[in-house]
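Colleague: Residue numbering for the sequence shown follows the working numbering, beginning at 1478 and increasing consecutively.
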Amino acid sequence: MFDEKRLWKERFGKTSKELSRYLRYIFNGHIVIVMVFLLGTAAYYYQEWLKTLPEQFPAAPVMALILAILLTYSPIYTFLSEADKVFLLPLENRLSGYFKRSMAVSFLVHAYLLIVGLGIFMPMYALVNEGDFQAFLPFLLILLALKAVNLLIRWKIQYYVDTNVHLLDAFVRYAVNAVFLYLLFSGASPIFTLAVGVLLVVLYWYFSMKSKNKALKWEFLIDQEERRMTSFYRLANMFTDVPKLRDRVKRRKWLDWLLASIPFKQEETFKNLFIRTFLRSGDYLGLFIRLTIIGGGAIYLISFGIGQVLLVLLFMYLTGFQLLPLWNHYQNKLWVKLYPVQEKLKEKSFRQLLSGILYLQSFLLSIAVLAKGDWLASLLSLAAGIVFAYVYTHMYIQKRLRGANNK
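1. By Cβ distance below 7 angstroms, which residues in the same chain neighbour Val1539 in space, the five residues on each side in sequence not counted?
2. Is it true that the CB of Ile1630 sits closer than 8 angstroms to the CB of Asp1646?
3. Thinking C-beta only, is Ile1699 closer than 8 angstroms to Leu1559?
4. Write down the C-beta distance between Tyr1575 and Trp1485 rounded to the nearest angstrom, noting that I regard them as a contact closer than 8 angstroms.
5. Between Leu1842 and Ser1826, is the Cβ-Cβ spacing less than 8 angstroms?
6. I want to see whether chain B comes within less than 8 angstroms of Lys1687, judged by CB atoms only; does it?
7. Using the three-state DSSP reduction, which class does Pro1538 fall into: helix, strand or coil?
8. In whole angstroms, give me the CA-to-CA distance for Phe1556 and Phe1489.
9. Specify whether the stretch 1789 to 1799 and the stretch 1833 to 1850 touch according to this definition: at least 3 beta carbon pairs, one from each stretch, less than 8 angstroms apart.
10. From Val1719 to Ala1713, what does the alpha carbon distance come to, in whole angstroms?
11. Is Phe1792 helix, strand or coil when you go by DSSP?
12. Hey, Ala1655 and Leu1542 are a contact pair by Cβ (cut 8 angstroms); roughly how many whole angstroms apart?
13. Please check the pair Lys1562 and Trp1695, which I expect to be a contact at CB under 8 angstroms, by giving their CB distance rounded to whole angstroms.
14. Leaving out five residues on either side along the sequence, give the residues of the same chain with a beta carbon under 6 angstroms from the beta carbon of Lys1691.
15. Alpha carbon to alpha carbon, how far is Phe1479 from Glu1569? Give it in angstroms, no decimals.
16. So what does DSSP say about Ala1866, is it helix, strand or coil?
17. Roughly how many angstroms lie between the CA atoms of Arg1483 and Leu1671, to the nearest whole one?
18. Write down the C-beta distance between Val1889 and Gly1674 rounded to the nearest angstrom, noting that I regard them as a contact closer than 8 angstroms.
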């Protein structure tokens, strides 16, 4: 006999066990030291920035625009798998309790993010509003209520196949959330604030009526769940081998000009393969772009020259470290081992690609330093970045690459 409570417990337990197993690898590494350093540095500069904050600083709109993102982003963790669209589809009418539990777990995860987000902004809000921290609990309760409504609306939206409906929903909910939070944080009349909040209830009622006769979109839910797990596996793969990792390949035809310069020669086989993999497979290119943008923004906000140089090296290290899984990308592919190419050429090609990426990042981050008008710190950052890239790719990772070859 089918028991949806037992099914949910098994799925939730299996996923929790899977996540905890890989999290042990992630938080046992030296990346924890880097994270502590980053958090400590960010907290220090945030505190120093608050000291320079003028009384007229627009805290309400800043908090509203950013926290509205946390409210609008409302993925629901269903713990579904590929086989469910065959075996659970006939039982859809008996799974209401299963999905309610999934909604509850999703709410708890998002509640934690809201607590952290509001906790970060409260010192800024208190400073502008004469040290008033008493509003934290009322604000939090209101945010949690808004999050619950957003999750309910998001669940109803998942009954639609058209992606335009999903985009429109996200845009409308973000606008409503932002306006509501602005009125809340700016101390507007409760009547106006409540009137905006009612719009979210109306949206939920509208989509509930429209989706009443629609069937659950199993393929969409399963695809979303697989995407989330793939993102986590990709993160875990930076610290240990993840057999369940599925790679997504994107064509990116607009980057073909980078491949056109590679000679069609036997000794360039792995160079061609690694560059294509970096540009098209997994999230290697996106990771490089994100870290460069975040690093550039952090460097621009820091005026202390030596601190800028250290941040350049830190973000280069994070990039180099997180691109190391590219070396093992084809370790389980037999056809790569059949190439009539010497193994040393593979190592050489990987070093060339990784060093080129780090040289480029060093140049881009140095431009961020130069944007502050400190050309001496910019030159020092560029020189330190070049030295770091060479040492990292030719000395630091040598044992790791050689060890992987001997497996």
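Glycine included, C-beta positions come from ideal geometry on N, C-alpha and C.
Modeller: Taking the geometry as given:
1. Your numbering for residue 1539 matches position 62 in the sequence shown. The beta carbon of Val1539 sits closer than 7 angstroms to no other beta carbon from its chain once the five residues preceding and following it are set aside.
2. By one-based count along the sequence shown, residue 1646 stands at place 169. By one-based count along the sequence shown, residue 1630 stands at place 153. Contact: yes.
3. Sequence index remark: in the sequence shown, residue 1559 carries index 82 (1-based). Sequence index remark: in the sequence shown, residue 1699 carries index 222 (1-based). It is Glu, not Leu, that sits at residue 1559 in the sequence shown. Between Glu1559 and Ile1699, the gap from beta carbon to beta carbon is short of 8 angstroms.
4. Counted from its first residue, the sequence shown places residue 1575 at position 98. Counted from its first residue, the sequence shown places residue 1485 at position 8. At roughly 5 angstroms, the Cβ-Cβ gap stays under 8 angstroms, so Tyr1575 and Trp1485 are in contact.
5. The residue labelled residue 1842 in the question sits at position 365 within the sequence shown. The residue labelled residue 1826 in the question sits at position 349 within the sequence shown. Cβ distance not < 8 angstroms, so Leu1842 and Ser1826 don't count as in contact.
6. The displayed structure is made up of one protein chain only, and chain B is not part of it.
7. The residue you call residue 1538 lines up with position 61 of the sequence shown. Here Pro1538 sits in helix by DSSP.
8. Residue mapping note: residue 1556 aligns to position 79 of the sequence shown, counting from 1. Residue mapping note: residue 1489 aligns to position 12 of the sequence shown, counting from 1. As the crow flies, the alpha-carbon of Phe1556 is around 7 angstroms from that of Phe1489.
9. Yes: at least three Cβ pairs fall under 8 angstroms.
10. Indexing the sequence shown from 1 puts residue 1719 at position 242. Indexing the sequence shown from 1 puts residue 1713 at position 236. Roughly 7 angstroms between the two C-alpha positions.
11. Position 315 of the sequence shown holds residue 1792. If DSSP states are grouped into helix, strand and coil, Phe1792 belongs with the helices.
12. Counting from 1 along the sequence shown, the entry for residue 1655 is found at position 178. Counting from 1 along the sequence shown, the entry for residue 1542 is found at position 65. Contact between Ala1655 and Leu1542 holds: their C-beta atoms lie close to 6 angstroms from each other, under 8 angstroms.
13. Here residue 1562 refers to the residue found at position 85 of the sequence shown. Here residue 1695 refers to the residue found at position 218 of the sequence shown. Contact flag correct, Cβ pair sits at about 4 angstroms.
14. Translated into positions along the sequence shown, residue 1691 becomes position 214. Within its own chain, the residues whose Cβ lies closer than 6 angstroms to the Cβ of Lys1691, once the five positions on either side in sequence are excluded, are Tyr1636, listed in chain order.
15. For the purposes of this step, residue 1569 is identified with residue 92 of the sequence shown, where counting begins at 1. For the purposes of this step, residue 1479 is identified with residue 2 of the sequence shown, where counting begins at 1. For Glu1569 and Phe1479, the distance between alpha carbons rounds to 12 angstroms.
16. The residue labelled residue 1866 in the question sits at position 389 within the sequence shown. In this structure, Ala1866 counts as helix in the three-state DSSP scheme.
17. Taking the first residue of the sequence shown as position 1, residue 1483 is located at position 6. Taking the first residue of the sequence shown as position 1, residue 1671 is located at position 194. Going by the C-alpha atoms only, they are around 40 angstroms apart.
18. As shown, the chain starts at 1478 and ends at 1884. That puts residue 1889 outside it, with no answer to give.
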